[in-house]
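Counting in the numbering used here, the sequence shown runs from 1 upward without gaps.
Okay, structure first, notes after.
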Amino acid sequence: MININAGKNVLSANDQLALKNFHVLNSTGLTAVNVMASPGAGKTSVITGILRGLPKNYSNGVIEGDVASSIDTDKLIAIGFKATQINTNGACHLDATMVAKAISDLGVKGPGFVFIENIGNL
1 MININAGKNV LSANDQLALK NFHVLNSTGL TAVNVMASPG AGKTSVITGI
51 LRGLPKNYSN GVIEGDVASS IDTDKLIAIG FKATQINTNG ACHLDATMVA
101 KAISDLGVKG PGFVFIENIG NL
């Protein structure tokens, strides 16, 4: 078999920023949990249940990814959880730049968790 190197990984810049995001979270005692499922599968309900069961001294937050709405973010904030919204305006995924800004906007420090509810487009 012959392998042909077609060039540089087109996602290498995103991968580097994703690694930086990991280090930012890790250095503040936070663990990221990426939650993915189809639309309406219950991602927000699962995250809410987990958040309710975590120790009260944990600093937790949710990054909500959606193509257009803020319904889930509004719901989480209304019941007392820290949450921030990423609207992708039609894009079907979150990239590391979007997540980096959301981590900063969320403003949580560990110990705790940051749940990233990825866009439900499976």
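The beta carbon of each residue, even a glycine, is placed where N, CA and C say it ideally should be.
Buried is the label assigned to threonine 73, since at least 16 other Cβ atoms lie within 10 Å of its Cβ. In the assembly as shown, glycine 53 is an exposed residue. Its beta-carbon has fewer than 16 other beta-carbons within 10 Å. Under a 10 Å Cβ-count criterion, alanine 68 is classified as exposed, with fewer than 16 other Cβ atoms of the shown protein chains found around its own Cβ.
A direct Cα-Cα distance of roughly 22 Å separates glycine 80 from threonine 28. Scanning its chain for C-beta atoms nearer than 8 Å, with the 5 sequence neighbours on each side dropped, one finds around isoleucine 77 the residues Ala83, in chain order. For leucine 30, the enclosing beta strand (DSSP E) has its first and last residue at 30 to 35. Between the alpha carbons of serine 104 and valine 35 lies a gap of roughly 19 Å.
As DSSP reads the structure, phenylalanine 113 sits in a beta bridge with Thr31. Around the beta carbon of glutamine 85, a 10 Å sphere encloses 16 or more other beta carbons of the protein chains shown; the residue is thus reported as buried.
Here isoleucine 63 is near alanine 102, since their CB atoms are less than 8 Å apart.
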